[in-house]
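Enquirer: In full-length UniProt numbering, the protein residues as written are 1 to 68.
Glycine included, every Cβ here is placed at the ideal spot set by N, Cα and C.
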Amino acid sequence: MKDDKTPAPLAYSPLDAARRLGVGRSTIYELIKSGDLEVSKLGQRTLIHADSCDRVLEKFRVKSSSRA
(Lines of atoms letter the chains of each structure in order from A and count residues from 1; the text may use other names and numbers.)
(Lines give C-alpha, C1' and ligand atoms only; values in the text may rest on other atoms or scores of the structure.)
Protein backbone atom coordinates (compact mmCIF):
# COMPACT_ATOMS: atom_id res chain seq x y z
CA MET A 1 0.00 0.00 0.00
CA LYS A 2 1.28 3.47 -0.87
CA ASP A 3 2.08 5.81 2.00
CA ASP A 4 -0.19 8.88 1.84
CA LYS A 5 2.74 11.09 2.88
CA THR A 6 4.78 10.15 -0.19
CA PRO A 7 4.49 13.02 -2.66
CA ALA A 8 3.38 12.25 -6.20
CA PRO A 9 6.24 12.31 -8.70
CA LEU A 10 6.73 15.50 -10.70
CA ALA A 11 8.10 13.63 -13.71
CA TYR A 12 8.34 10.12 -15.14
CA SER A 13 10.84 8.27 -17.27
CA PRO A 14 9.42 7.23 -20.66
CA LEU A 15 8.95 3.67 -19.36
CA ASP A 16 7.14 4.86 -16.21
CA ALA A 17 4.97 7.23 -18.25
CA ALA A 18 4.07 4.36 -20.57
CA ARG A 19 3.04 2.25 -17.58
CA ARG A 20 1.03 5.13 -16.11
CA LEU A 21 -0.82 5.73 -19.38
CA GLY A 22 -1.13 2.05 -20.27
CA VAL A 23 0.63 2.39 -23.62
CA GLY A 24 3.93 1.27 -25.12
CA ARG A 25 7.16 3.26 -25.14
CA SER A 26 6.87 3.91 -28.88
CA THR A 27 3.51 5.61 -28.25
CA ILE A 28 5.15 7.77 -25.58
CA TYR A 29 7.80 8.90 -28.06
CA GLU A 30 5.09 9.64 -30.65
CA LEU A 31 3.23 11.76 -28.07
CA ILE A 32 6.48 13.60 -27.29
CA LYS A 33 7.16 14.21 -31.00
CA SER A 34 3.61 15.50 -31.54
CA GLY A 35 3.95 17.88 -28.58
CA ASP A 36 1.22 16.20 -26.54
CA LEU A 37 3.70 15.26 -23.79
CA GLU A 38 6.03 17.88 -22.32
CA VAL A 39 9.54 16.75 -21.48
CA SER A 40 12.66 18.03 -19.79
CA LYS A 41 16.14 16.76 -20.60
CA LEU A 42 18.60 16.29 -17.75
CA GLY A 43 21.83 15.17 -19.32
CA GLN A 44 20.79 12.23 -21.47
CA ARG A 45 17.69 11.49 -19.38
CA THR A 46 14.28 12.35 -20.75
CA LEU A 47 11.73 13.19 -18.06
CA ILE A 48 8.05 13.54 -18.86
CA HIS A 49 6.11 16.02 -16.76
CA ALA A 50 3.46 14.30 -14.62
CA ASP A 51 0.86 17.00 -15.32
CA SER A 52 1.47 16.46 -19.02
CA CYS A 53 0.45 12.80 -18.60
CA ASP A 54 -2.76 13.96 -16.92
CA ARG A 55 -3.51 16.33 -19.81
CA VAL A 56 -2.99 13.55 -22.37
CA LEU A 57 -5.48 11.36 -20.52
CA GLU A 58 -8.00 14.20 -20.52
CA LYS A 59 -7.35 15.14 -24.16
CA PHE A 60 -8.00 11.64 -25.42
CA ARG A 61 -10.95 10.92 -23.13
CA VAL A 62 -13.81 9.22 -24.93
CA LYS A 63 -17.24 10.40 -23.93
CA SER A 64 -19.54 7.46 -23.34
CA SER A 65 -22.91 7.39 -25.01
CA SER A 66 -26.07 7.51 -22.94
CA ARG A 67 -26.79 3.92 -23.95
CA ALA A 68 -25.49 1.24 -21.64
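Using the rule of at least 16 other Cβ atoms within 10 Å of the residue's Cβ for burial, across every protein chain shown, is S34 buried or exposed?
Expert: Position 34 of the sequence shown, counted from the first residue, corresponds to residue 34. Burial call: exposed.
Enquirer: The alpha helix (DSSP H) spanning R55 covers which residue range?
Expert: As a position in the sequence shown, residue 55 is number 55, starting the count at 1. Here the alpha helix (DSSP H) through R55 covers 50 to 59.
Enquirer: Taking the beta strand (DSSP E) that K33 belongs to, which residues open and close that run?
Expert: For the purposes of this step, residue 33 is identified with residue 33 of the sequence shown, where counting begins at 1. Unbroken run through K33 is the alpha helix (DSSP H), 25 to 34; no beta strand (DSSP E).
Enquirer: Got a sec? Which residues, its chain only, sit under 6 Å from I28 by beta carbon, not counting five neighbours each side?
Expert: Taking the sequence shown and counting its residues from 1, one reaches residue 28 at position 28. Only P14, A17, A18 meet the Cβ criterion.
Enquirer: Could you give the distance in angstroms between the alpha-carbon of Y12 and the alpha-carbon of H49?
Expert: Position 12 of the sequence shown, counted from the first residue, corresponds to residue 12. Position 49 of the sequence shown, counted from the first residue, corresponds to residue 49. Cα to Cα, Y12 sits roughly 7 Å from H49.
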